[in-house]
Every structure is written in structure tokens, then in C-alpha cells.
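Novice:
Residue numbers (the numbering used here), protein chains in the order written: chain A, 3 to 303; chain B, 3 to 303; chain C, 3 to 303; chain D, 3 to 303.
As C-alpha cells, then:
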């Protein structure tokens, strides 16, 4: 087992237990289903009887949708083959149940021309600071190739010129096929993805939007922010659903600005916010801390 | 001279000079005009030759509009009668030039039913913590009367029921006439003011909007924020121009929220942001730190 | 049952259930004990078998101390008389187990001369915005009497002059005896409390410290902050243990400042931080969201 | 003229003028001296008579030390040779007066083993996002060599092992001599510099300290922060004077944490704060926005 720093920090009891018993493995149990009385008791009972110990537990019930969400880190060296079946006998029929390891995930990053988010992720990756392996970077321009190559990561220039969206996406999917990524990261990728493309990665694509959504949807958000005279700018990382700018929000952050900031100043200040928010949201997603509840994201920080 | 704490803090050189020479008085010179080469030199020259010393100076040139703004605190006990005339000979023809004292301003607060912003202002007023005298509070409901009376401030219930907007505003202006306020504060006043009403207080009305503008314009912003699943909420204080929610922004602030916050939770967290932002923006306005530059506010903090 | 807004917001499932079944009552189960495998399953089992449903659940295991903490909001109209006994059979011998209602708590506020924190709490109290009833305010100066009387709350001036600390505290305890408060709030109370006094309210006294602890312990923290040239100031709310400034931290917040802020400016900006942080920490304490783990506070927000 | 984005943004009037007259050059006038009446008028007069126009102006008078600071961006294509002399006739005898260009500065980065601050600066440098040219990186360990080489920047491993401080610093100064840097950046350089070394770069060395100074001076600040149970962590960038942790503060920033963050978690969250704060402070320093006033830094943002 490779317990990466991010998870180790939050599942620290496990870490101390693991040090006592070096064979202990941590896995994640991920459940969402319509709410019922007694769910936590029943679910923890299955784990207990199977000989697993709960390391940490997050639950939430969406009060509008009466839907239950649970993320449980559990420890123990027994096989988990039978667990899903046993859990299904205790859960509503249409429950979503998954068991995930804490191994690094395979990801591919899509970008266009801007380097700050991509570079920041490549740096973190090189230092082992995100629980993922960056399989490749794909861009519709060649601009970022040199940066990516500095880090020894494969770079694919897949131009959109002379291709309609379907053709361009088919070309991207050909490249992706070779890497079979579990998650995609849109690190300032400035093209809208088709519903068909998005459907292949349900709740598995994270995008950074260069504004404090829902303010300034659309093009040139920092120019819009300047024109409006805002005193705070922000950035929003969200799950990509059918549209580039309106998926469920995972994380947001802001920074103060003044009347003396031009649109270019705001953009530069914004780049720092964008890269920090994207890296944070990606880590939350990779650690399986993000659930969808309708149009909202439940985030177990 | 009554140098209030807020200004004293920022014009501290003056304070130390004043302690040496107890007669020294601080006044504010407020100028905006089309930009020209040499303006700062010419303006400070007029003050110098008249025997005044510059205590602090803020300047800004709007790069799009090529418009110059300057706020100068100056000290000295000579009369300032001739200053405006002398300055006009050095400034472009259509320059706006004013001299203001640092005396507390007369203000009237308009509110509806919510107590948090109003109460916070009344508390600050009672403690001498804003550079203003609250002449009266006007509300279209009787709800807040008891709170206002706790503080010994006149309360006027001017109902909007059975009156159209013009009639209601006429009734409010009748009340205002008795107090002749220099500034109006909309402390969660939930009625839209007519352009005619606003025109009587040009750049002299401050409003608090319960969202991080321009997100969530309109009704029930916290419900909108909940529905959108935002991770940060905010509040915006702005100058009232012709419309309740879109005037130039003076100050904004934010607070983090999570998926576990209901709309009611967000509203409660929002109340703390609203009252702090409104008091801050009001103080900036009273201290003559806010200039209009088209649709944007220049704020000399 | 009086479900106050603060709790209603976070236990919203209960609110929706309660609307379906208007008799449902929410109570809080509060447990801390040495960690063991299966605790969550066993505890939720006791509730389940007794016919209660879990509304929300927070757990944490301190990885250093291997100590388990749990706060469970549960709903149901059965009596809870037998619950503690049943839970004890499932828990380690020395477990702390309590059941609390969500009724408003009785509190007394201690203050000295500064009005901002006290006034803010009185305003919130008058508006029903904190889950508490303010029984009285005690001060070692008469200064704040008029403010407190504005709100119709009993004010007791208990001077420390001519008394040593034991005598002064005895006089305070005489006043407190009449009110039997569950929690004390030190709203800028500038006297150190003796260990004997504190021991009478274990983890039941909250204090606001006018700095971002552990920076600037001691007197005149804003002067210290100015002298050090900091660019951010803050405030810290903490549980009072044996010493005024070093108890476990419940909440902190900060605000940016610049070189142009004098110590007085910093103090004024700091007052806004102080009152917001104190009210927030008090609400967390009243809602039984705060546990002690050695010198640290576990806070289930 | 190379007007870098950072300055262009703030001196935007100049940018618009420059576009009208492509020959216009922006330079910086930097003055500090004992305060006197009329300084701004006299200084702007020298510029005006020499045919230069003021693009932007920042002034401050330290009220305790009665010391005047001024940073003026001015435009015009005449030579500035005589300016200093003319200014001296208008200023107090011991005034500090400098004229600086807005050309990129030569810098050298010192680091030890941690990559986040160094990598972030190298990325910004590669993208032209800081107004500097990174001449080289020096480290007392070989660890970071590969990262630096990815960016094509010279890397020098100057081990401290087997050398006392004087010998180690002499070896570093030998390397520095070849590059003649104007500024040094300590990007998590974990060695204390001698007063002699620091004296060679007066107010020209910036360090990032991994805590919200003055809290947690000394070793292992995140462990200290965890032990103290703080709810906010921070980082501080400061000018290096005679001691690693106590120079005048240029910039600080913070991030919220909870009881569930281990010391390792806090350190990871802290890395994001550190790199953003260091890059911000370095840019301020390179743009000549930082003046020393005793133990405090005046920062014209």
C-alpha cells in the first residue's frame, strides 16, 4: 500500500495503527443512497463483522433530497471481495456503493496556452505532492510542450484547427485511450467539451474557472471584474458536467483587489488563486472526498 | 477641531504636529479633474504658498478615462476662504474642487425589518466609533422601533402601504427635511429608490447588498447561493445610483461555507459579513475617501 | 422543544423530519473516551434499538492520544432516561457520556470597560441570534451599565478596588449564585481569574483575546503588532483554563493591515474581528460542538 | 524600455501615454528623508521643470520617526543625470535619493532541500511573471539540482559540511561574485546568515518564514502550531537583517486549519501559503515598493 501524504494526514489514526501493525491497509468505502433510519449502524456493522476497523468517517444527509452520503476510511488486511455484497443486503436497492484504494490515480491534464495551473500541477507531481500519476498532457496548442518536457511527462499537441468539435474530441480520445486515465484535469483548457465526451468521465473531470462563480460567467472575466469595479476577485474549481462553467462547485477562493488594479493586474493576481484552488480541488477529488447531490457537490474536507 | 479616531489614525503626522501646536486644524482637499502634467506640483504649491502643510496625500489617475483624483489632508489655522479660487486658476476648467472639515457628518439610516446592520451602526454610534451623528432612523415597518429607542435615536415609521413609490418617497423626504442629513445609509432597506430620490443625494447614499455582487443579483440571494452550491458567500457595500443593486462598489468581504450550510445558515453567516462591510464602507464614505470614476469607485483606504 | 436557528441549520434533516412529524425532538449525545474498534457501530446501535434516529454525526480520533470524540444529534420522542446506562455497557469504563437538549443555555457575561464585544452579544441576544439567555452582565467598572440597561439585562458593578483577587472573585460568585449560569463569557474582561474560580466552570468559560495567539501574549497587543510591523492582525477565542491567554483555541480570524495603520487603527480594525470571533466561538460552545483533547480543542463545525 | 507586466499594471497611465508616444520611458524616483513641510511640492517641482511627468506617486510619513518616504514613477525621455543633484538642493542634507529603472533585476536564489518555493519562482521566471532574471540557484544540498536544471538555470551545490559558517559563506560569496546579483531570495534556505553577509545586501535579501510571525519563531513551526491547536496557519516574508526570523515584514498570508489537521497537514497547507507570499514579497521588493523605517517595512502596494 502506498499511503500518500494527503490521506495519511487525515487518516492519521490509521497511520499510527499501521506503524504498530505494518500489514494494515487502508481502503475507502463510498456510499450514497436515499436516507433511512439506522444506515450508519448497519454499514459500520458490516465492516465490524468483517473484521475491519473504521479509521475515519464522514456522513451527510442532503435535507432537500433526503439523500445519504458516507465516506469511510477503514483498515484491515482481509480481502474486501465479499463486502459490497454484504453491504447491499443492508442498503436501499438503488444505493451506490464503491470500495476504493488509496493508491495514486492515473490522470491526464488538458491545457491550452497558459502555464500557471499546469506548471503548478507538474511541480507538485514531481515532488510527490498530489496523490496521482500524471500520465500525459494534451493541448490544442504546442505552446506548453517545452514546459511539460522539462518534467519528463508525455506531451500531445492535438490541434483543433480544421476540425469540428466531434473530430477534435475523437482525436483527443484516441490519445486518452493509450493512457486510460481515471480522472481528467482541465488546467485552463479553453474549449467546451461535448456532453458525449463528458459522459465518458462522469464526475471525473475537474475544471478551473477564472472567476468567483456565478459572477462573470463567460469570456474575459477579469475585464468584466475590472469594469464592474469589484474589490475581491476569485476562482472556482468545479466538476465538469455538460457545460464548461456551471458544474457543481468543489472549491473557491478569493483575493482582495483595489481600484488601482487594471484588468491585467487582476488576471495576474487571479492566476495565484486559480492554481491553488485547482490543486486543492483535484486532491479532494482524487481522495474520493467529492460526491454529487443534484447540482451541488458534497465535499468531505 | 474634532479629529475623530478614524482620521486621526491615518493622518497621524498631523496628530503629532497637533500635539506640538494645539491650534493646528486638519481639513480635506478633494479634487477630481481631467489629468494633466504637473497637477500634484501645482496643487501642493497652492497649499504651500497659503501656509498649509500636507499631512497625507492620495492620488490616482484612471488610465481609461485619463481622469485625476486627489485627496489631501492638510493642516494649518489660516482661513481657507481663498483656497478654492486659487486652486481653480491652476486646474482644468471643469475640475471638481471641495474643502471638507473632519467634523462628524449628519446621517439618517433607512431600514426595513432586519436588525443586524442597524443595530451594529447604533452600537458604533453610541461608542463614538463612526465619524457621524445619527440624526434619525426611518423604516417602512414599525419592527425596529424598539431597538432604535434603546439608543435614544428618533425613529420614524413611514409605511409604504397604500402609497405608490412617489407618495412613499415624498413622505420620507418630509421626514428627512427636518434633519438635513449629509449622507443616507440603507441598512437592509428593502425598497428600490427612484432616480429622483437618489439624485438628491449624489454619491451620498450607501447600500449593503446581501451577496458578493455581481453574483446573485435579485431576491433571496442566500437561497440562490445554496442552490448553486457555492463554497464562499459575501456581501457588497456600494454607492446607490439609479438602481438598488448595481452602483459602484466601495467594499466587499466574504466568508467560507460548506455543503452542510442550509440557505438559512448562509444567511446567518452572511449577516456578520454584511454588518462589518457596511460599517467599513460608511466610514470610508464619511471620511471622503470615495470618488466616482464612471461606474467604478476609487477608494483611498 | 425549541430548536434554535443555529442548530436548525446544521441539523436540517431533523427539521424536515420534524415538519413531517411535529412531535419529534432533537437531543445531543456527547461522548469522549479512549478509542476502540467498533465504537461508532456500538453507539449508533444503542440509539437504533432505543428507537431514535441519527440526525447528524461528527466523530474524531485524536491520533496522538488515541482518544475518541463523538457528537450525535438524534431525534425521537421517547424518554432518554435509560440511554446513558445502555451506552455505558458498550463503552470503555472511563468514558464521558452526556445527553444535552437543544434548549437555550443560561449565560452570564463578564466585561470591563470596552463595549464592542458586549454590545454585539446583547444585540444578537435581543434578536434571538444566539442559543442562549443572557441572565446578567457583571463588570468591575460601572462604564457599561448604561449600554446593558438599554437592553433590559441586569447589570452588576462588582468593583475590584480595595479587594484582593479572592475577595473580588467571592463577590462575583455571590452575584453568579443568583443566576446559576451554565456558561460564562469573558467579553473583554481584563482581569485574570484564579484556578479555583475557573475550576467551577470546567471548559465552560470562553474568552476573547485581542491577538492572533500565540503572537503577542500579554499587554497592549496592538501596540506590539504595530511595533513588529505585521501585515495581518487577528483575534482568538479560547476556553479559559488556568490562565487568561493560553487555553485551548476554539476560533480565530484575521484582517489585513498596512504600514499606514497606527496601533490605534489596528485596535479599531481588531474590534471587528474580536466581536465576530467571540460570537462564533460562543455559539459553537453553546451548541456543544467543542471538546477538549489535552491542550487542544476539537471543534465540530 | 522593458516595462514588465507587474509595473505596467500599476503605472497604467504611463502605459497609455507610452502608446501615444512610443519613446516614453518610465523610471522610479525613490526618496526617504526627515519630514519637512513642502517636500511633495518641491520634489514634483524638480521633475516638472526637468520635463518629466508623474505617472504615479506614493508617499508616507512615519508618525513616530517623522520620516518621509516617497516612490514616484515618472515618464519622459530626457536623461536623468542632473536630477539627483537638483533634488538634493531641495531636500534635507541626509536624504536618501535614488533613481531606478524598471528593467528586470538580477537575482540569485538560495535554497536547501524543499522544492515548493523554489519551483514556484522558477515557473514564474520561465513564464516572465516576475520582473527579474534568475541568474543562479545555490543550495547547501544537491537535492534540488535536478529541478533547477529542468529550467535551464545554473545550479551550485555549496555544501556546508566540514565548513564553519564563515567558510561556507565565503564559498557562497565566491559563487555570487560571478553573478553580481542585485537581490537574494532565501527560498526555504535553512541556514542563518552572518551579519557580515547580510550587510553586503542591505534590505536586498528576502526570506520566507514558515509561520505567522511573531508566532512560532524557531524550529518546527507547524509542530508548534499543531501542539497549540491553532485554527489558522500562516507564512511571513520579510527583509533579512541580522537574524533569520525577525526582519521587517513585507507580506503575510494565512489559511484556516482544523483540529483534524496533523502537523504534516498543516505543513502541506502551509507550503501553498509560503510560495504565494514569497513570490508576492519578492515582486514588491523588485519593484522598489519596500522601504525600511526602523524595524518596520513601508510597503507601497
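Each residue gets a CB set at the ideal place from its N, CA and C atoms; glycine is no exception.
According to the Cβ coordinates, are residue 258 of chain B and residue 233 of chain B closer than 8 Å?
Specialist: Locating residue 258 of chain B in the second chain gives position 256, counting from the first residue. Locating residue 233 of chain B in the second chain gives position 231, counting from the first residue. Cβ distance < 8 Å, so residue 258 of chain B and residue 233 of chain B count as in contact.
Novice: Only counting runs of 4 or more residues, tell me where the alpha helix (DSSP H) segments fall wholly within the stretch 199 to 238 of chain C, in order along the chain.
Specialist: 223 to 230
Novice: Does the separation of the CB atoms of residue 28 of chain A and residue 57 of chain A fall below 8 Å?
Specialist: Residue mapping note: residue 28 of chain A aligns to position 26 of the first chain, counting from 1. Residue mapping note: residue 57 of chain A aligns to position 55 of the first chain, counting from 1. Their beta carbons are under 8 Å apart, which means residue 28 of chain A touches residue 57 of chain A by this criterion.
Novice: How close, in whole Å, do the beta carbons of residue 299 of chain C and residue 149 of chain B come, if the pair is a contact with beta carbons under 8 Å?
Specialist: As a first step, residue 299 of chain C must be located in the third chain, where it is residue number 297. As a first step, residue 149 of chain B must be located in the second chain, where it is residue number 147. Residue 299 of chain C to residue 149 of chain B, Cβ: 34 Å. No contact.
Novice: Quick check: is the beta carbon of residue 61 of chain B nearer than 8 Å to any beta carbon in chain C?
Specialist: Along the second chain, one-based indexing puts residue 61 of chain B at 59. No, residue 61 of chain B does not count as interfacial toward chain C.
Novice: Starting from residue 28 of chain C, trace the beta strand (DSSP E) in both directions and tell me its first and last residue.
Specialist: Start at 1 with the first residue of the third chain, and residue 28 of chain C comes out as number 26. Note, residue 28 of chain C: beta strand (DSSP E), 28 to 36.
Novice: Let me check understanding here. Comparing Cα to Cα, which of D:37, D:240 and D:213 lies closest to residue 252 of chain D?
Specialist: By 1-based counting over the fourth chain, the position of residue 252 of chain D is 250. Per the Cα distances, D:240.
Novice: Taking Cβ-Cβ distances shorter than 7 Å, what residues in chain A pair up with residue 40 of chain C?
Specialist: In the third chain, counting from the first residue as 1, residue 40 of chain C sits at position 38. Those are 50, listed as they occur along chain A.
Novice: Tell me, please, whether the stretch 74 to 92 of chain A touches the stretch 147 to 167 of chain A by the rule of three or more beta-carbon pairs shorter than 8 Å.
Specialist: no
Novice: Just confirm the distance between the C-beta atoms of residue 133 of chain B and residue 288 of chain B, as a whole number of angstroms; I'd bet it's less than 8 Å.
Specialist: Along the second chain, read from residue 1 onward, the residue named residue 133 of chain B stands at position 131. Along the second chain, read from residue 1 onward, the residue named residue 288 of chain B stands at position 286. For residue 133 of chain B against residue 288 of chain B, the beta-carbon gap comes to about 5 Å, under 8 Å, which counts as contact.
Novice: Mind the definition here: the stretch 177 to 197 of chain D touches the stretch 115 to 124 of chain D only if three or more C-beta pairs lie below 8 Å; say whether that holds.
Specialist: yes
Novice: Return the Cβ separation of residue 284 of chain B and residue 292 of chain B in integer angstroms, given the expectation that the two are a contact with Cβ distance under 8 Å.
Specialist: Residue numbering aside, residue 284 of chain B sits at position 282 when the second chain is read from its first letter. Residue numbering aside, residue 292 of chain B sits at position 290 when the second chain is read from its first letter. That pair is no contact at about 10 Å.
Novice: For residue 273 of chain D, which residues from the same chain have a beta carbon less than 7 Å from its beta carbon, with the 5 sequence-adjacent residues on both sides left out?
Specialist: The sequence position of residue 273 of chain D within the fourth chain is 271, counting from 1. Contacts found: 118.
Novice: In chain A, what lies closer than 8 Å to residue 46 of chain C by C-beta?
Specialist: Locating residue 46 of chain C in the third chain gives position 44, counting from the first residue. Near residue 46 of chain C (Cβ distances below 8 Å), the residues of chain A are 40, 42, 43 and 46.
Novice: Suppose the cutoff is 8 Å on Cβ atoms and the five residues either side in sequence are ignored; what does the same chain contact list for residue 305 of chain C look like?
Specialist: In the structure as shown, chain C starts at 3 and stops at 303, and residue 305 of chain C therefore has no counterpart that could be examined.
Novice: Compute the Euclidean distance between the alpha carbons of residue 42 of chain D and residue 54 of chain B, then round it to the nearest angstrom.
Specialist: As a working mapping, residue 42 of chain D is identified with position 40 in the fourth chain. As a working mapping, residue 54 of chain B is identified with position 52 in the second chain. Distance between the alpha carbons of residue 42 of chain D and residue 54 of chain B: 13 Å.
Novice: Under three-state DSSP, which class holds residue 137 of chain A?
Specialist: Along the first chain, read from residue 1 onward, the residue named residue 137 of chain A stands at position 135. Correct three-state label for residue 137 of chain A: strand.
Novice: Near residue 71 of chain C, what residues of its chain come up, given a Cβ to Cβ distance below 6 Å and the 5 sequence neighbours on each side ignored?
Specialist: In the third chain, residue 71 of chain C corresponds to position 69, counting from 1. Counting only Cβ-Cβ distances below 6 Å, and skipping sequence neighbours, we find 34, 62, 293 and 300.
Novice: Just to make sure I have the definition right: I need the residues of chain A whose C-beta is within less than 8 Å of the C-beta of residue 262 of chain B. Which are they?
Specialist: Your numbering for residue 262 of chain B matches position 260 in the second chain. Chain A residues near residue 262 of chain B: 62.
Novice: Pick from A:137, A:138 and A:46: whose alpha carbon is nearest that of residue 73 of chain A?
Specialist: As a first step, residue 73 of chain A must be located in the first chain, where it is residue number 71. It is A:46 whose Cα lies nearest to the Cα of residue 73 of chain A.
Novice: Roughly how many angstroms separate the alpha carbons of residue 248 of chain C and residue 201 of chain A, rounded to a whole number?
Specialist: Translated into positions along the third chain, residue 248 of chain C becomes position 246. Translated into positions along the first chain, residue 201 of chain A becomes position 199. If I take the Cα positions, the gap works out to 53 Å.
Novice: If you reduce the DSSP assignment to three classes, tell me which class residue 258 of chain B lands in.
Specialist: Taking the second chain and counting its residues from 1, the one referred to as residue 258 of chain B is at position 256. Note: residue 258 of chain B maps to strand in three-state DSSP.
Novice: How about residue 3 of chain B: is its C-beta nearer than 8 Å to some C-beta of chain D?
Specialist: Within the second chain, residue 3 of chain B is the residue found at index 1, counting from 1. Caution is warranted here: a pLDDT of 26 is assigned to residue 3 of chain B, below 50, making its placement in the model unreliable, and no coordinate value can be reported.
Novice: Cβ atoms of residue 196 of chain A and residue 167 of chain A: under 8 Å apart, would you say?
Specialist: Residue mapping note: residue 167 of chain A aligns to position 165 of the first chain, counting from 1. Residue mapping note: residue 196 of chain A aligns to position 194 of the first chain, counting from 1. With contacts defined as CB atoms closer than 8 Å, residue 167 of chain A and residue 196 of chain A qualify as a contacting pair.
Novice: Examine chain D for any beta-carbon lying closer than 8 Å to the beta-carbon of residue 186 of chain A, and answer yes or no.
Specialist: As a working mapping, residue 186 of chain A is identified with position 184 in the first chain. No, because no Cβ of chain D sits closer than 8 Å to the Cβ of residue 186 of chain A.
Novice: I'd like to check one pair, residue 146 of chain B with residue 136 of chain B: are the Cβ atoms closer than 8 Å?
Specialist: Within the second chain, residue 136 of chain B is the residue found at index 134, counting from 1. Within the second chain, residue 146 of chain B is the residue found at index 144, counting from 1. Their beta carbons are not under 8 Å apart, which means residue 136 of chain B does not touch residue 146 of chain B by this criterion.
Novice: Compare the Cα-Cα distances from residue 271 of chain B to each of C:281, C:266 and C:96 and report the closest residue.
Specialist: Numbered from its first residue, the second chain carries residue 271 of chain B at position 269. Comparing Cα-Cα distances from residue 271 of chain B to each of C:281, C:266 and C:96, the minimum goes to C:281.
Novice: Residue 36 of chain D: which of D:48, D:66 and D:262 sits nearest, CA to CA?
Specialist: In the fourth chain, counting from the first residue as 1, residue 36 of chain D sits at position 34. If we check each option's Cα against that of residue 36 of chain D, D:66 comes out closest.
Novice: If you measure between the beta carbons of residue 138 of chain B and residue 159 of chain B, is that distance less than 8 Å?
Specialist: Along the second chain, read from residue 1 onward, the residue named residue 138 of chain B stands at position 136. Along the second chain, read from residue 1 onward, the residue named residue 159 of chain B stands at position 157. Taking 8 Å as the Cβ cut-off, residue 138 of chain B and residue 159 of chain B do not qualify as a contacting pair.
Novice: Just tell me which of A:208, A:68 and A:38 has its CA closest to the CA of residue 243 of chain A.
Specialist: Taking the first chain and counting its residues from 1, the one referred to as residue 243 of chain A is at position 241. Selected option, being the one with the closest Cα: A:208.
Novice: Can you list, in chain order, the residues of its chain whose CB lies under 7 Å from that of residue 113 of chain C, leaving out five sequence neighbours each side?
Specialist: Counting from 1 along the third chain, the entry for residue 113 of chain C is found at position 111. Shown here for residue 113 of chain C: same chain residues with a beta carbon closer than 7 Å to its own, the five before and five after excluded, namely 120, 139, 141, 146, 189, 190 and 191 in chain order.
Novice: What would DSSP say about residue 62 of chain C, mapped onto helix, strand or coil?
Specialist: Locating residue 62 of chain C in the third chain gives position 60, counting from the first residue. Reduced to three states, the DSSP call for residue 62 of chain C is strand.
Novice: Note down the Cα distance separating residue 279 of chain A from residue 144 of chain A, rounded to an integer number of angstroms.
Specialist: Within the first chain, residue 279 of chain A is the residue found at index 277, counting from 1. Within the first chain, residue 144 of chain A is the residue found at index 142, counting from 1. Those two C-alpha atoms are separated by around 25 Å.
Novice: In three-state DSSP terms, what is residue 74 of chain A?
Specialist: Here residue 74 of chain A corresponds to residue number 72 of the first chain, with the count starting at 1. Here residue 74 of chain A sits in strand by DSSP.
Novice: Give the DSSP-derived three-state secondary structure of residue 185 of chain D in the structure shown.
Specialist: Against the fourth chain, residue 185 of chain D aligns to sequence position 183. Three-state result, residue 185 of chain D: strand.
Novice: If the cut is a Cβ gap below 7 Å, which residues of chain C does residue 274 of chain B touch?
Specialist: Within the second chain, the letter at position 272 stands for residue 274 of chain B. What residue 274 of chain B touches in chain C: 278.
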